[in-house]
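Working notes, beginning with the structure itself.
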Amino acid sequence: MIRFTTHSLDETHALGQRIGKSFSNAMVIALTGDLGCGKTSLVQGIAKGLNISDDYYITSPTYTFINEYPGRYPLFHVDLYRVEHSDDLENIGFDEILMDDAIVAVEWADKLPKDFLKEHLHVCFETLDDTCRKITITPYGSKAVEVIDRLKSTKEI
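With this note's numbering, the residue at position 19 of the sequence shown is 253, and numbering never jumps.
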């Protein structure tokens, strides 16, 4: 596990960029935290770290459920905020993107069935005040541990 405290959206974005640069394999990122805590800002940084063109504006896919962006690894940005039942996951094609060699960032991952994700990074946001966030990243599986090790070896934000 690794913890960060960010003091602005720019710092959250920079942390996301570090995370994006650290991927050397497909990975699922399970993002949890309150509305407006910075989940999408982190994903925007991850996109930058995956060399996704600035021509793509990364927004939360609240109504489309899944957005896809081409980069060093394809990035699937998933928003489960409006998902009511786990059966809806199949309807939006969630199982299909998990089979791709891609980075899958899932906002509101706490809506997934328990133990649904095996190998993944869990990124939990805690709001400290209007601008500060405590971000805890917990790895699940050996590839996720490798990502944490690479993050620990890079320059702090």
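Don't be surprised by glycine CBs; every beta carbon is placed ideally from N, CA and C.
Using DSSP bridges, identify the partner residues of residue i.
{"i": "D289", "result": "Beta-bridge pairing links D289 to no other residue."}
{"i": "V312", "result": "I300 and V340"}
{"i": "V262", "result": "V338"}
Whose C-alpha, out of the options, is nearest the C-alpha of residue i?
{"i": "G375", "options": "E353, D363, D364 and K348", "result": "E353"}
{"i": "L292", "options": "T298, R306, V277 and F299", "result": "In the sequence on display, residue 292 carries Ile and not Leu. Taking only the C-alpha atoms, the option nearest I292 is V277."}
{"i": "K386", "options": "L243, S242 and K255", "result": "K255"}
{"i": "V262", "options": "F310, T239, E302 and G283", "result": "F310"}
{"i": "T388", "options": "F257, D329, A281 and L362", "result": "F257"}
{"i": "A281", "options": "F299, G272 and Y303", "result": "Y303"}
{"i": "D268", "options": "C358, V317, V379 and P373", "result": "C358"}
{"i": "G305", "options": "K273, S287 and K345", "result": "S287"}
{"i": "D317", "options": "N259, G279 and I300", "result": "Looking at the sequence shown, residue 317 is not Asp but Val. Selected option, being the one with the closest Cα: I300."}
Flag this pair as yes or no: are the beta carbons of residue i and residue j separated by less than 8 Å?
{"i": "S392", "j": "T239", "result": "With the chain running from 235 to 391 in the structure shown, residue 392 is simply not present."}
{"i": "A336", "j": "P308", "result": "yes"}
Complete beta strand (DSSP E) runs within the segment 327-379 (minimum length 3 residues, chain order): Every beta strand (DSSP E) of 3 residues or more that sits fully in the segment 327-379 is shown, in chain order, as 337-341, 354-361 and 367-374.
Just checking, does the segment 330-342 make contact with the segment 359-368 on the three C-beta pairs under 8 Å criterion? The segment 330-342 vs the segment 359-368: no contact.
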